[in-house]
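Colleague: Below is the structure I would like to discuss, written out as structure tokens.
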Amino acid sequence: MIKVPELKSQYIWAVLLVVYLFTAIQPIGAPFQMSDATIKAHDVIESLPPKSIVAMGGSGVFAFDLESSAAQIAAIIQMARKGLRLVAVPLGTEAVQFEKYCIDAALVDKKFGGPWTYGVDYVVLPYLAGGSAALVSFLTSVRSQVSTDVKGTPIDQLPIMNDFRSYKDIALWTCPHRDFPIIARYVTGERGIPSIAFAQAAAYSLYAVYMMIYPDKIWMTNGFLGGAQYEDLEGISGLGHAAIDSYAIISAVVIAFIVLGNIRLLSTLGDEKEEVKEEKV
Amino acid sequence: MSALRTYIRSYMVRIIIIIGILSGLISFYFVSPEAVAVATELQTWNSAAAAWTLFVGIITVFARYVRSIMKRTQYWQYRAYGIVLMVVWVIMGAIVGLYSDLYQTAFYSTKITLHIAILGQLVFFFTSGVYRTFRMKTFRTAIYAFFAMLLIIGNAPWMLATFPQVDKLTYWLLENPSMSGERTLALTGGIGGAVLGIRILLGLEKGALRATEAS
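Below, the structure is given as structure tokens:
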């Protein structure tokens, strides 16, 4: 049998680098299928009446949460189109920067030509330290936890905050962060507020159980693919679409390397048996 | 004096743990306005304590790094660089504000870009790893490789675009076998955490602040 050589890691890395560079320079527009899960999440926001307050918050690391941002940015564009209002509630140290990034990337502020005005249609609160205890306290009484927004403006001077005093004023919670369980437990489980998790692909199966526990209260999208699907539903092309090209090709390349590894194994089977015989002798 | 200090430390940690537990349980099991007021107060304490721990972290890192720099231990240059960065970021945050475009651009262009680059490398290691480890030498590795490939193919956009029906199978796999495995790990970790907490309360574990000694 022809012997297939063992590949050095560097060769594999070179192939992947070429794939990334190719898809970055020449987008191929890889096709993808819409999923029911994403349509349901999109429909929930679509069904909210204008002026409803949607909270966006949670805790996570910016670089990990970037995967979730594809769907969250599209959702913010949808909220602005529908005339909803948004309160960002950062529960992690990097969440302030991440949530600002999502809002800025959605280009919904008037300074970018969008319909939203800061303080009237959306606001970003400062980082709430204390994890789940801080969240519970915040939900019970917003003013017990925050007295200013992230810029230091007293919340009484922000029109949107006059309509937002406790969890009873929240129509929907969206979580573009890794730590969704505290939202599922304290926001949806204990207080009955519906929530959407824009989950990373690696977190989807871990948190899917919450959709089963609260089938009409929790919805999820799945990673960059879910982000691209959400963008499709909003008629835009953003980070999700950009990631899908490399996502599509890399998934084929990974399979190809698994097959190649097994061909290499098959081609060396005879050698291994001979080596064992020699050892016995 | 040392015995008294250990005694205080040991009971202080236990009291803090009990207060922490109460802050979570009061609002869950009692609905009276008084109970809610107590719970809210305890949760505010918790938030203040959590904010303080961030500051304690900076002090601890500074103390360790300064000691290392003074003694010129291995990699002291990186620690000096780390201290300079921390000071620069704190000053910049205090002057321009966390929500300013300047702070955002600086944060995104340095910490986040580097972190994303590190995460991006995982794909290279992952692919190189699956090439070597998914070789079906035994029945066990064959099963493992088969289901891994099934999930990769099932999630691949080219497969879903060609065969939309695969979407149902993929989501079934994610929401059932994959979910149950991940939940098992999470539950095991949770049970381990609860057992550890009980051991600390009983003084069987070396806990925070060196309050209790290992038996």
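For the protein sequence lines, the chains are A and B, in the order given. Position 71 of the first sequence, counting from 1, maps to 71 under our numbering, and the rest follow consecutively. So our numbering is basically just the index in the second sequence, starting at one, shifted up by 281. Here a beta-carbon is modelled for each residue, glycine too, at the ideal position from N, C-alpha and C.
Does any residue of chain B bring its CB to less than 8 angstroms from the CB of tryptophan 13/A?
Modeller: To locate residue 13/A, count along the first sequence from 1; it is residue 13. So yes, tryptophan 13/A belongs to the interface.
Colleague: Quick one, which of Ile434/B, Met373/B, Tyr292/B has its alpha-carbon nearest aspartate 448/B's?
Modeller: Position 167 of the second sequence, counting from 1, holds the residue named residue 448/B. Cα-wise, what sits closest to aspartate 448/B is Ile434/B.
Colleague: I want to know whether the segment 202-217 of chain A touches the segment 397-404 of chain B - three or more CB-CB distances under 8 angstroms.
Modeller: Judged by Cβ distances under 8 angstroms, the segment 202-217 of chain A makes no contact with the segment 397-404 of chain B, as fewer than three pairs qualify.
Colleague: List the endpoints of the continuous alpha helix (DSSP H) containing proline 438/B.
Modeller: Taking the second sequence and counting its residues from 1, the one referred to as residue 438/B is at position 157. Segment 438-443, the alpha helix (DSSP H) holding proline 438/B.
Colleague: Check each residue of the segment 237-262 of chain A: if its Cβ is closer than 8 angstroms to any Cβ of chain B, include it; give the result in chain order.
Modeller: If the cut-off is 8 angstroms between Cβ atoms, the segment 237-262 of chain A has Ile244, Tyr247, Ala248, Ile250, Ser251, Ala252, Val253, Val254, Ile255, Phe257, Ile258, Leu260, Gly261, Asn262 near chain B.
Colleague: Within the same chain, show all residues whose beta-carbon is closer than 8 angstroms to that of glutamine 97/A, passing over the 5 residues directly before and after it, in chain order.
Modeller: Taking the first residue of the first sequence as 1, we reach residue 97/A at position 97. Once the five neighbours on either side are set aside, the close Cβ partners of glutamine 97/A are Phe62.
Colleague: Taking the alpha carbon of glutamate 99/A as the point to measure from, which residue in Gly192/A, Ala75/A, Lys110/A has its own alpha carbon closest?
Modeller: Taking the first residue of the first sequence as 1, we reach residue 99/A at position 99. Per the Cα distances, Ala75/A.
Colleague: Please report the Cβ distance between glutamine 200/A and glycine 223/A, rounded to the nearest whole angstrom; I am assuming they are in contact, meaning their Cβ atoms lie under 8 angstroms.
Modeller: Residue 200/A sits at position 200 when you count from the first residue of the first sequence. Residue 223/A sits at position 223 when you count from the first residue of the first sequence. Contact holds; Cβ gap of about 6 angstroms.
Colleague: Comparing alpha-carbon positions, which option in Phe406/B, Ser461/B, Thr443/B lies nearest glutamine 10/A?
Modeller: Sequence index remark: in the first sequence, residue 10/A carries index 10 (1-based). Among Phe406/B, Ser461/B, Thr443/B, the Cα nearest to that of glutamine 10/A is on Phe406/B.
Colleague: For isoleucine 236/A, name the three-state secondary structure that DSSP assigns.
Modeller: For the purposes of this step, residue 236/A is taken as residue 236 along the first sequence, with counting starting at 1. Isoleucine 236/A falls in the coil class under three-state DSSP.
Colleague: Name the chain A residues whose beta carbon is nearer than 8 angstroms to that of leucine 400/B?
Modeller: Within the second sequence, numbered from 1, the residue matching residue 400/B stands at position 119. Here the neighbours are Ala63, Phe64.
Colleague: In whole angstroms, what separates the C-alpha of proline 27/A from that of methionine 56/A?
Modeller: Taking the first sequence and counting its residues from 1, the one referred to as residue 27/A is at position 27. Taking the first sequence and counting its residues from 1, the one referred to as residue 56/A is at position 56. Cα-Cα distance, rounded: 31 angstroms.
Colleague: Using a Cβ cut-off of 8 angstroms, pull out every chain B residue sitting near phenylalanine 180/A, in sequence order please.
Modeller: Position 180 of the first sequence, counting from 1, holds the residue named residue 180/A. Those within 8 angstroms of phenylalanine 180/A in chain B number zero; the least Cβ separation is about 12 angstroms.
Colleague: For histidine 241/A, I'd like the list of residues in its chain whose CB is within less than 7 angstroms of its CB, leaving aside the five on either flank, ordered along the chain.
Modeller: Position 241 of the first sequence holds residue 241/A. Here the set comprises Ala228, Glu231.
Colleague: What runs of the alpha helix (DSSP H), each 4 residues or longer, lie entirely inside the segment 156-237 of chain A?
Modeller: If we require 4 residues or more, the alpha helix (DSSP H) runs fully inside the segment 156-237 of chain A come out as 159-162, 201-213, 223-234.
Colleague: Locate the beta strand (DSSP E) running through tyrosine 122/A, then write down its first and last residues.
Modeller: Numbered from 1 along the first sequence, position 122 holds the residue referred to as residue 122/A. Run containing tyrosine 122/A: 122-124, per the beta strand (DSSP E) assignment.
Colleague: Select from Ala95/A, Phe112/A, Asp109/A the residue whose C-alpha is nearest the C-alpha of glutamine 385/B.
Modeller: What you label residue 385/B is simply residue 104 of the second sequence in a count that begins at 1. Per the Cα distances, Ala95/A.
Colleague: Rounded to the nearest angstrom, how far is the Cβ of valine 411/B from that of phenylalanine 257/A, given a contact under 8 angstroms?
Modeller: Looking up residue 411/B in the second sequence gives position 130. Looking up residue 257/A in the first sequence gives position 257. The pair is a contact, with the Cβ atoms about 6 angstroms apart (cut-off 8 angstroms).
Colleague: Could you tell me the alpha carbon to alpha carbon distance between tryptophan 13/A and leucine 139/A, rounded to whole angstroms?
Modeller: If you number the first sequence from 1, residue 13/A lands on position 13. If you number the first sequence from 1, residue 139/A lands on position 139. In a straight line, the C-alpha of tryptophan 13/A is about 48 angstroms away from that of leucine 139/A.
Colleague: Can you have a look at glutamate 315/B and say buried or exposed, based on whether 16 or more other CB atoms are within 10 angstroms of its CB?
Modeller: Your numbering for residue 315/B matches position 34 in the second sequence. Glutamate 315/B should be labelled exposed.
Colleague: Is it buried or exposed, tryptophan 173/A, if we count other Cβ atoms within 10 angstroms and call 16 or more buried?
Modeller: Position 173 of the first sequence, counting from 1, holds the residue named residue 173/A. Buried, since its Cβ has 16 or more Cβ neighbours within 10 Å.
Colleague: If you compare alpha carbons, which of Ile39/A, Lys151/A, Ile53/A, Pro181/A is closest to glycine 471/B?
Modeller: Locating residue 471/B in the second sequence gives position 190, counting from the first residue. It is Pro181/A.
Colleague: Taking the continuous beta strand (DSSP E) assigned at isoleucine 12/A, which residues delimit it?
Modeller: The count along the first sequence starts at 1 and reaches residue 12/A at position 12. Looking at the DSSP string, isoleucine 12/A is not in any beta strand (DSSP E); the run it does join, the alpha helix (DSSP H), is 9-25.
Colleague: Suppose you measure from the CA of alanine 442/B to the CA of glutamine 324/B; what does that come to, to the nearest Å?
Modeller: Taking the first residue of the second sequence as 1, we reach residue 442/B at position 161. Taking the first residue of the second sequence as 1, we reach residue 324/B at position 43. In a straight line, the C-alpha of alanine 442/B is about 49 angstroms away from that of glutamine 324/B.
Colleague: For the beta strand (DSSP E) holding proline 90/A, just list the boundary residues, first then last.
Modeller: Mapped onto the first sequence, residue 90/A falls at position 90. Where proline 90/A is concerned, the enclosing beta strand (DSSP E) stretches over 85-90.
Colleague: Have a look at Ala184/A, Ile236/A, Ser141/A, Gly113/A and flag the residue whose alpha-carbon is nearest the alpha-carbon of aspartate 216/A.
Modeller: Against the first sequence, residue 216/A aligns to sequence position 216. Residue Ala184/A is the option with its Cα nearest to aspartate 216/A.
Colleague: Determine, using beta carbons only, whether tryptophan 219/A comes closer than 8 angstroms to chain B.
Modeller: Against the first sequence, residue 219/A aligns to sequence position 219. Taking Cβ atoms only, chain B never reaches closer than 8 angstroms to tryptophan 219/A, which makes this a no.
Colleague: In chain A, which residues lie less than 8 angstroms from methionine 497/B when you measure between Cβ atoms?
Modeller: This structure cannot speak to residue 497/B, because chain B is shown only from 282 to 496.
Colleague: Between the segment 139-165 of chain A and chain B, which residues of the former have CB atoms less than 7 angstroms from a CB of the latter, in chain order?
Modeller: Of all residues in the segment 139-165 of chain A, Thr140, Ser141, Ser144, Gln145, Val150, Lys151 have a Cβ within less than 7 angstroms of some Cβ in chain B.
Colleague: So which residues of chain A does tyrosine 425/B contact, with C-beta pairs closer than 9 angstroms?
Modeller: Here residue 425/B corresponds to residue number 144 of the second sequence, with the count starting at 1. What tyrosine 425/B touches in chain A: nothing, since even the nearest Cβ is about 11 angstroms away.
Colleague: Output needed for asparagine 327/B: all residues of its chain with C-beta closer than 8 angstroms, excluding positions within five of it in sequence on either side, in chain order.
Modeller: Walking along the second sequence from the start, residue 327/B turns up at place 46. Around asparagine 327/B: Gly301, Ser304.
Colleague: Starting from the C-beta of tyrosine 122/A, find all residues in its chain whose C-beta is less than 6 angstroms away, skip the five residues before and the five after it, and write them out in chain order.
Modeller: As a working note, residue 122/A is residue 122 in the first sequence. Closer than 6 angstroms at Cβ, skipping near neighbours: Leu86, Trp116.
Colleague: Applying the 10 Å Cβ sphere with the 16-neighbour rule, what's the burial state of aspartate 43/A?
Modeller: The count along the first sequence starts at 1 and reaches residue 43/A at position 43. By the 10 Å Cβ count, aspartate 43/A comes out exposed.
Colleague: For a test of the three-state rule: what should DSSP assign to proline 115/A, helix, strand or coil?
Modeller: Walking along the first sequence from the start, residue 115/A turns up at place 115. The answer is coil: DSSP assigns proline 115/A none of H, G, I, E or B.
Colleague: Have a look at arginine 143/A and alanine 134/A and give me their C-alpha separation to the nearest angstrom.
Modeller: As a first step, residue 143/A must be located in the first sequence, where it is residue number 143. As a first step, residue 134/A must be located in the first sequence, where it is residue number 134. Going by the C-alpha atoms only, they are around 12 angstroms apart.
Colleague: Would a check of beta-carbon distances place alanine 199/A closer than 8 angstroms to chain B?
Modeller: As a first step, residue 199/A is located in the first sequence; it is residue number 199 there, counting from the start. It does not; no Cβ of chain B falls within 8 angstroms.
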